[in-house]
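Encoded as structure tokens, the structure appears first; notes follow it.
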Amino acid sequence: MTNALMEKLSSAEILTAEDRQLLEGLSTVAQRVPAGQDLIVEGEKPRHTRLFLSGYGCRYKGLASGERSITSLLLPGDFCDLNGFVLGYMDHTIATISECDVAEIPPEAMTALMADSPRVVRALWWATLVDDAIWREWLLNMGRRPADQQLAHLFCETLARLRASGTVRGQDFPFPLTQEQLADVIGVSTVHVNRILQRLRGEELVALEGRRVIIPDPPRLAEFCGFDGAYLHLSQDGFWGRRGFWEKEPVS
Amino acid sequence: MPRYYFDTDDGRRKSHDDQGLEYAHEAEARDAAIRALPDMAKDALPGADRETFSVSVRDDGGRYVLHASLVLVAHRLEGFEQ
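Sequence order for the protein chains is A and B. Note that the first sequence covers residues 1 to 252 in the working numbering. Note that the second sequence covers residues 1001 to 1082 in the working numbering.
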């Protein structure tokens, strides 16, 4: 069940068989959570650390006016409240977008895991640093890229992340976000998202089938939006991010 | 909830909405259409000295129920004294 996490962490650090066993032991208590549910709300104190095993989740923050911003997507292999484990209470809300399998890890197990293996600590630190790198890229996106490139960039990034966790192998992937949710991700109006999606489809940069996104020509889409996945740190030299995020196997 | 369709034009590209979005009232669809205008302008400007951005909203029956536009006008001045 922790395959997505292990696959992802294998980019960061060579985990020993023993480390893998420690990580495998983590997700023994997994819950299936329906779509559109808050898992933990801003201000609450987390009792567990949660790990996404399948499905799409998000972090979001809201305003008194009811408007909100989705500040990150949570994909299989992502921890969602490592920060709460250290910081004490949540400064944002975590919710499911699609139906998700979520493992709940008690704090004692996290403490024991970190005490048992410095390599696992380093790998979790890596994952946290990569989350920061994704935020930096989203800030650049929101501040400086036009919305059509922002959306294209989000599709490239999501494909790269899903491939890194072994969740997806090809060039198409499930994408359960509504246009309203996409607007909350990229910070533009819903009608503008609707318009941009028409354009990306019209130019055959992406195809949408039900709740799936298909990227017919990933290098072309990457060039359109200036996607350079080196910030995902999926290989030490950055090559995989720049050139090969759509290739069958990561180039290390 | 009723579905509304948003056809847009930023002077470079027209887009015909075949997906639509759901809003409880026509007033909400109106606000949504107007909110799209500055987003469209932000992505396209600076362009020519005269630019028009527009949204036309259709209802479920295919009738146009709203048109909203935003116009930019820029022109050189001939160095008038203040």
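All C-beta atoms, glycine included, are put in the ideal place defined by N, C-alpha and C. These numbers come from a predicted model, not from an experiment.
Using CA coordinates, which residue listed in the options is at the minimum distance from residue i?
{"i": "A/E67", "options": "A/R212, A/M114, A/V188, A/H48", "result": "A/V188"}
{"i": "A/P106", "options": "A/C100, A/E157, A/L74, A/T49", "result": "A/T49"}
{"i": "A/D19", "options": "A/M114, A/D81, A/R144", "result": "A/M114"}
{"i": "A/T178", "options": "B/G1020, B/V1071, B/S1056", "result": "B/G1020"}
{"i": "B/T1052", "options": "B/D1031, B/Y1023, B/T1008, B/E1078", "result": "B/T1008"}
{"i": "B/M1040", "options": "A/D172, A/P146, A/V102", "result": "A/P146"}
{"i": "A/A35", "options": "A/R163, A/L23, A/S54", "result": "A/S54"}
{"i": "B/R1013", "options": "B/A1027, B/D1043, B/H1025, B/A1033", "result": "B/D1043"}
{"i": "A/E209", "options": "A/C58, A/A103, A/D172", "result": "A/D172"}
{"i": "A/D131", "options": "A/R32, A/L74, A/K45", "result": "A/L74"}
{"i": "A/S235", "options": "A/S11, A/E180, A/A4, A/A112", "result": "A/S11"}
Do we get a CB-CB distance below 8 Å when we pair residue i with the residues of chain A?
{"i": "B/R1013", "result": "yes"}
{"i": "B/R1003", "result": "no"}
{"i": "B/R1035", "result": "yes"}
What is the residue span of the beta strand (DSSP E) that residue i lies within?
{"i": "A/E203", "result": "It is not in any beta strand (DSSP E) - A/E203 carries neither H nor E in the DSSP assignment."}
{"i": "A/P174", "result": "172-174"}
{"i": "A/A35", "result": "Per DSSP, A/A35 belongs to no beta strand (DSSP E) and is neither H nor E."}
Within the 8 Å Cβ cut-off, does residue i reach chain B?
{"i": "A/Q179", "result": "yes"}
{"i": "A/R211", "result": "no"}
{"i": "A/S252", "result": "For A/S252, the predicted structure reports a pLDDT of 42, less than 50, and the residue's modelled location is therefore unreliable. The matter cannot be settled from this model."}
{"i": "A/N141", "result": "no"}
{"i": "A/A147", "result": "yes"}
{"i": "A/N3", "result": "no"}
For residue i, which residues does DSSP report across the bridge?
{"i": "A/G62", "result": "A/R68"}
{"i": "A/G210", "result": "A/G210 is not bridged to any residue."}
{"i": "B/D1007", "result": "B/S1056"}
Secondary structure at residue i, three-state DSSP: helix, strand or coil?
{"i": "B/E1051", "result": "strand"}
{"i": "A/L15", "result": "coil"}
{"i": "B/D1043", "result": "helix"}
{"i": "B/H1067", "result": "strand"}
{"i": "A/L225", "result": "In the sequence as displayed, the identity of residue 225 of chain A is Cys instead of Leu. Three-state DSSP puts A/C225 in a helix."}
{"i": "A/C100", "result": "strand"}
{"i": "B/V1073", "result": "strand"}
{"i": "A/F45", "result": "Residue 45 of chain A is actually Lys in this sequence, not Phe. Three-state DSSP puts A/K45 in coil, outside helix and strand."}
{"i": "A/R199", "result": "helix"}
{"i": "A/A95", "result": "strand"}
{"i": "A/A115", "result": "helix"}
{"i": "B/D1018", "result": "coil"}
{"i": "A/F155", "result": "helix"}
{"i": "B/R1012", "result": "coil"}
{"i": "A/G77", "result": "coil"}
{"i": "A/L39", "result": "strand"}
{"i": "A/R169", "result": "coil"}
{"i": "A/G57", "result": "strand"}
{"i": "A/L22", "result": "helix"}
{"i": "A/Q31", "result": "strand"}
Within the continuous alpha helix (DSSP H) that includes residue i, where are the two ends?
{"i": "A/V256", "result": "There is no way to answer for residue 256 of chain A, as the model of chain A reaches only from 1 to 252."}
{"i": "A/Q181", "result": "179-186"}
{"i": "A/E7", "result": "3-9"}
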